[in-house]
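J.: In the numbering used here, the protein residues as written are 57 to 386. Heads up, the beta-carbon is just placed ideally off N, CA and C, and yes, glycines get one too. Sharing a structure here in structure tokens format.
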Amino acid sequence: MGDPSGIGPEIALKAWGERHRQSLSPFFVLADPAHLTRLAKTLRLDVPVRACEPEEATQIFATALPVVALSEPVVGMPGKPDAADAALTIESIMRAVELVHAGAAAAVVTNPISKDNLYKAGFKHPGHTEFLGELAERLFHTPATPVMMLWSPALAVVPVTIHIALAQVFAQLSAARVVETARIVAHDLKTRFGIANPRLAIAGLNPHAGENGAMGREDIDILQPAVAALVSEGIAASGPHPADTLFHAAARARYDAAICMYHDQALIPIKTLAFDSAVNVTLGLPFVRTSPDHGTAYDIAGTGTASAASLIAALQLAARIVPATADAAA
């Protein structure tokens with residue numbers, strides 16, 4: 057569901073409306089059926105909504121949007137979030153992972169959440185990614201190190217540090233953390249994306265990758281040893297590369313994913329190149345999870361102008377990598 061006062065419900069309705077044209081695999085929404093019905097009517101979307109159980113969704117999908125009801129009705133309005141709905145947002149994430157664990161769903165596709173709204177309800181995680189890691193360990197009883205990758209046909213990027221202040225990046229960045237992140241990326245690009253020998257470009261932290269120490273030694277003391285360690289393990293890693301020349305077309309042709317040192321170093325280029333088609337996919341989990349690469353967009357929620365393109369791309373990518381993930385786990 058995501059945040060019910062954001063654009064998540066609207067793009068879910070629109071994605072179902074595009075199911076034939078986009079060749080979407082059947083999906084169901086964990087939400088408040090009455091809320092989605094009201095929204096479809098308000099936006100004049102010809103999308104019938106039908107409450108169901110997960111096992112009924114595939115049969116329903118051809119003629120109606122299947123919705124598995126949450127425990128309470130939605131309180132907030134489009135563009136006007138209510139803290140009372142935070143618990144429902146958390147419930148929808150938890151139930152989605154539980155259903156995948158139980159074999160009642162093949163993957164989790166999450167709509168955007170408002171972390172600020174969740175924090176008011178006691179949510180203790182920096183974001184979706186970290187919460188999913190905890191759920192993976194709790195339900196699947198296996199250690200999980202979730203890694204956030206933003207993927208599009210034009211570019212795939214991975215931030216080593218994610219939802220922290222820029223001032224904290226230097227303290228939290230280490231060669232071990234870079235190596236651990238890159239290992240997970242290389243493994244999942246092989247097993248989920250079918251890339252036999254993934255090429256990883258390691259972005260420098262400082263301008264010009266430190267200019268041989270003139271602008272900081274982090275690229276020499278942290279990133280060069282990390283790249284050397286990865287290469288010694290047989291991973292096709294290179295760098296550190298100056299970040300300002302890493303994302304033009306010719307450079308992108310030389311790698312399969314760019315490993316970036318902090319949030320904006322990764323997300324600015326991909327959102328510039330593929331704002332409507334990029335997908336957030338969490339690597340390092342025992343299940344497939346994707347999501348649109350955008351936020352709740354409260355400012356346009358309820359206006360009917362939200363694009364479902366990124367959600368459709370997230371649904372398509374989940375359907376694409378689920379079979380490979382299952383084969384790898386077999």
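Helix, strand or coil: how does DSSP classify W72 here?
T.: Three-state DSSP puts W72 in a helix.
J.: In or out: T328 buried (at least 16 other Cβ within 10 Å) or exposed?
T.: Answer is exposed; the Cβ neighbour count stays below 16.
J.: Are A362 and I169 touching if we call contact CB-CB under 8 Å?
T.: Contact flag unset, no.
J.: Tell me the start and end of each unbroken alpha helix (DSSP H) in the stretch 191-238 that is at least 4 residues and wholly inside, in chain order.
T.: Segments of the alpha helix (DSSP H) lying fully in the stretch 191-238: 222-228.
J.: Please return the same chain residues whose Cβ sits closer than 7 Å to the Cβ of I251, not counting the five positions on each side in sequence.
T.: The answer, listed in chain order, is L245, D312.
J.: With DSSP collapsed to three states, give me the class of T145.
T.: Helix, per DSSP.
J.: What's the gap between the Cα of Q29 and the Cα of Y175?
T.: The structure shown has nothing for residue 29, since the chain only spans 57 to 386.
J.: Output the boundary residues of the beta strand (DSSP E) element that contains H91.
T.: Taken as a continuous stretch (DSSP letters only), H91 belongs to no beta strand (DSSP E), being part of the alpha helix (DSSP H) at 89-98.
J.: Within its chain, find whatever has a CB closer than 7 Å to the CB of L86; leave out the 5 residues flanking it on each side and keep chain order.
T.: If we look at L86 and ignore the five residues flanking it on each side, its Cβ neighbours are M57, V124, L126, S148, R151, A152.
J.: Please check the pair P342 and A118, which I expect to be a contact at CB under 8 Å, by giving their CB distance rounded to whole angstroms.
T.: Contact flag wrong, Cβ pair sits at about 31 Å.
J.: Rounded to the nearest angstrom, how far is the Cβ of I326 from that of L222, given a contact under 8 Å?
T.: Going by Cβ atoms, the distance from I326 to L222 rounds to 18 Å, so no, they are not a contact pair.
J.: Look at the Cβ atom of A265, then the Cβ atom of H304, and state whether they are nearer than 8 Å.
T.: Result no, Cβ atoms of A265 and H304 do not sit closer than 8 Å.
J.: Measuring from the CB of Q321, is there a heavy atom of the ligand NAD at a distance below 7 Å?
T.: The model on display carries no ligand, and the ligand NAD is accordingly not part of it.
J.: Taking F84 as the reference, give the member of A96, N336, C108 with the closest Cα.
T.: F84 has its Cα closest to that of C108, out of A96, N336, C108.
J.: Tell me the start and end of each unbroken alpha helix (DSSP H) in the stretch 95-180 that is at least 4 residues and wholly inside, in chain order.
T.: Listed in chain order, the complete alpha helix (DSSP H) runs (minimum 4 residues) inside the stretch 95-180 are 113-116, 142-157, 171-175.
J.: I324 to E289, Cα distance in whole Å?
T.: About 30 Å.
J.: Can you give me the C-alpha to C-alpha distance between E154 and G269, rounded to a whole angstrom?
T.: Approximately 49 Å between the Cα atoms of the pair.
J.: State the Cα-Cα distance for the pair A353 and G135, rounded to the nearest angstrom.
T.: Computed Cα separation, rounded: 8 Å.
J.: For the stretch 307-378, which segments carrying the alpha helix (DSSP H) assignment without a break, of at least 4 residues, lie completely within its bounds, in sequence order?
T.: Those alpha helix (DSSP H) runs which fall completely within the stretch 307-378 and span 4+ residues are 319-329.
J.: Alpha carbon to alpha carbon, how far is V130 from P89?
T.: Near 9 Å, if we compare the C-alpha coordinates of P89 and V130.
J.: Mind checking which residues open and close the beta strand (DSSP E) that includes S15?
T.: With the chain covering 57 to 386 only, the question about residue 15 has no answer from this structure.
J.: What number of angstroms, rounded off, separates the C-alpha of V287 from the C-alpha of A161?
T.: Rounded to the nearest angstrom, the two C-alpha atoms are 37 Å apart.
J.: Rounded to the nearest angstrom, how far is the Cβ of I291 from that of A242, given a contact under 8 Å?
T.: Their Cβ separation, rounded to whole angstroms, is 5 Å, which keeps I291 and A242 in contact under 8 Å.
J.: If you draw a straight line from the alpha carbon of A364 to that of A71, how long is it in whole angstroms?
T.: Computed Cα separation, rounded: 6 Å.
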